[in-house]
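Asks: Structure below; questions to follow.
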Amino acid sequence: MATGRTHRPATRSRGIPEATVARLPLYLRALTGLSERSVPTVSSEELAAAAGVNSAKLRKDFSYLGSYGTRGVGYDVEYLVYQISRELGLTQDWPVVIVGIGNLGAALANYGGFASRGFRVAALIDADPAMAGKPVAGIPVQHSDDLEKIISDNGVSIGVIATPAGAAQPVCDRLVAAGVTSILNFAPTVLSVPEGVDVRKVDLSIELQILAFHEQRKAGEDAAAAEAGGVSEVAVPVVRGGAAVDRKGPDGDMPAVMPA
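Numbering (the numbering used here), first residue to last: 2 to 261.
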């Protein structure tokens with residue numbers, strides 16, 4: 002079986018934009034759901050809605066894959082699942098190590114979606130000697146002293162860092178030195194890596210802060226709308242003979258034409 006060390010996806014060499022690459026997993030998730038329901042074909046509009054993108058953008062993205070669908074029929078679901086999986090490199094085995102088996106690391110180890118998406122958790126690594134040999138998700142935790150050997154023995158090119166912030170950069174440096182070229186970072190810190198190493202950062206606090214921004218903005222818009230609605234219900238003073246008089250019509254609104 003192929004490993005991540007010997008096979009890499011061809012998206013860069015084929016000139017697929019990074020923005021398109023970032024959307025491919027969204028399409029794959031939506032297509033997998035359709036496949037599980039035995040849906041044979043899907044239109045660009047239906048798939049775009051399921052993936053949460055614009056249909057024109059979806060068609061443009063698929064053109065980079067050489068897939069244009071059939072007019073009046075749409076896209077073949079199973080073929081697209083295969084095509085996107087192949088482009089993302091998910092038709093082969095990608096051994097992954099998770100470093101830092103605290104609450105988050107253990108949760109990641111227990112996540113059942115890795116295997117079905119082309120990833121195999123090859124090892125769990127932690128610096129705590131008390132964790133060594135302890136099974137998590139059926140995999141015995143190994144001590145970080147053996148990190149380099151573990152990576153070499155398993156042909157690992159993808160590492161997941163779930164350590165505290167202070168330990169993340171030293172762990173990253175060791176992973177890179179051992180041959181890891183892609184890192185998924187859950188630690189709340191920015192990692193420095195050499196050219197040729199890809200890092201994806203997952204920071205839950207940042208995502209929550211962005212949501213808080215949107216909630217605050219919505220609350221401000223609601224308050225402004227309520228204030229505007231209140232003003233519209235206030236009687237407008239009408240000037241008559243030099244004196245301001247509050248005047249409402251029979252329904253409580255200003256009459257369209259005031260009597261002379």
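Just so you know, even glycine gets a beta-carbon here, dropped at the ideal spot from N, CA and C.
In this text, all values refer to a predicted model and were calculated from it rather than measured experimentally.
#1: As a quick exercise: from Val194, Gly16, Lys202, Val54, pick the residue whose alpha carbon is nearest that of alanine 31.
#2: Output the boundary residues of the beta strand (DSSP E) element that contains serine 183.
#3: Identify the residues that DSSP records as bridge partners of glycine 160: which are they?
#4: Please tell me whether valine 137 and alanine 110 are closer than 8 Å, where the distance is taken between their beta carbons.
#5: Pick from His215, Arg24, Leu209: whose alpha carbon is nearest that of serine 89?
#6: Give every residue of the same chain whose Cβ lies closer than 7 Å to the Cβ of glutamate 46, excluding the five residues on either side of it in the sequence, and list them in chain order.
#7: What is the DSSP secondary structure of tyrosine 112, counted as helix, strand or coil?
#8: In this structure, does DSSP put leucine 205 in helix, strand or coil?
#9: Could you pull out every residue in the same chain whose Cβ sits closer than 7 Å to the Cβ of arginine 241, ignoring the five residues on either side in sequence?
#10: Determine the burial state of phenylalanine 214: buried for a count of at least 16 other Cβ atoms within 10 Å of its Cβ, exposed for fewer.
#11: If I follow the unbroken alpha helix (DSSP H) through valine 177, where does it start and stop?
#12: Would you mind working out which of Ser68, Leu29, Leu209 sits nearest alanine 51, comparing C-alpha positions?
#13: Would you call the region 173 to 192 and the region 125 to 136 touching, i.e. three or more CB-CB distances under 8 Å?
#14: Here's the rule I'm using: 16 or more other beta-carbon atoms within 10 Å means buried, otherwise exposed. How should proline 96 be labelled?
#15: Looking at threonine 42 and valine 82, is the spacing between their C-beta atoms short of 8 Å?
#16: What distance in whole Å lies between the Cβ atoms of serine 183 and isoleucine 152, which are believed to be in contact at a cut-off of 8 Å?
Replies: The short version:
#1: Along the sequence shown, read from residue 1 onward, the residue named residue 31 stands at position 30. Nearest C-alpha to alanine 31: Val54.
#2: The count along the sequence shown starts at 1 and reaches residue 183 at position 182. Serine 183 -> beta strand (DSSP E) spans 183 to 186.
#3: Within the sequence shown, residue 160 is the residue found at index 159, counting from 1. Val98, Ile184, per the DSSP bridge assignment.
#4: Here residue 137 refers to the residue found at position 136 of the sequence shown. Here residue 110 refers to the residue found at position 109 of the sequence shown. Yes.
#5: If you number the sequence shown from 1, residue 89 lands on position 88. Reading the sequence as shown, one finds leucine at residue 89 and not serine. Distances from the CA of leucine 89 to each of His215, Arg24, Leu209 were compared; the closest alpha carbon is that of Arg24.
#6: Translated into positions along the sequence shown, residue 46 becomes position 45. Excluding residues within five positions, the ones whose Cβ falls inside 7 Å are Ser56.
#7: Residue numbering aside, residue 112 sits at position 111 when the sequence shown is read from its first letter. Reduced to three states, the DSSP call for tyrosine 112 is coil.
#8: Walking along the sequence shown from the start, residue 205 turns up at place 204. DSSP places leucine 205 in helix when its eight states are reduced to three.
#9: Locating residue 241 in the sequence shown gives position 240, where the first residue counts as 1. Unreliable positioning characterises arginine 241 in this predicted model, as indicated by a pLDDT of 45, which lies under 50. The coordinate reading is nonetheless provided below. For arginine 241, where only same-chain residues beyond five positions count, there are no Cβ hits under 7 Å.
#10: By one-based count along the sequence shown, residue 214 stands at place 213. Its Cβ having fewer than 16 others within 10 Å, phenylalanine 214 is exposed.
#11: In the sequence shown, counting from the first residue as 1, residue 177 sits at position 176. Note, valine 177: alpha helix (DSSP H), 166 to 179.
#12: Taking the first residue of the sequence shown as 1, we reach residue 51 at position 50. Residue Leu29 is the option with its Cα nearest to alanine 51.
#13: no
#14: In the sequence shown, counting from the first residue as 1, residue 96 sits at position 95. Buried, since its Cβ has 16 or more Cβ neighbours within 10 Å.
#15: Working through the sequence shown from its first residue, we reach residue 82 at position 81. Working through the sequence shown from its first residue, we reach residue 42 at position 41. No, these two residues do not count as a Cβ contact at 8 Å.
#16: Counting from 1 along the sequence shown, the entry for residue 152 is found at position 151. Counting from 1 along the sequence shown, the entry for residue 183 is found at position 182. With 8 Å as the limit, isoleucine 152 and serine 183 do not qualify as a contact, their Cβ atoms being about 12 Å apart.
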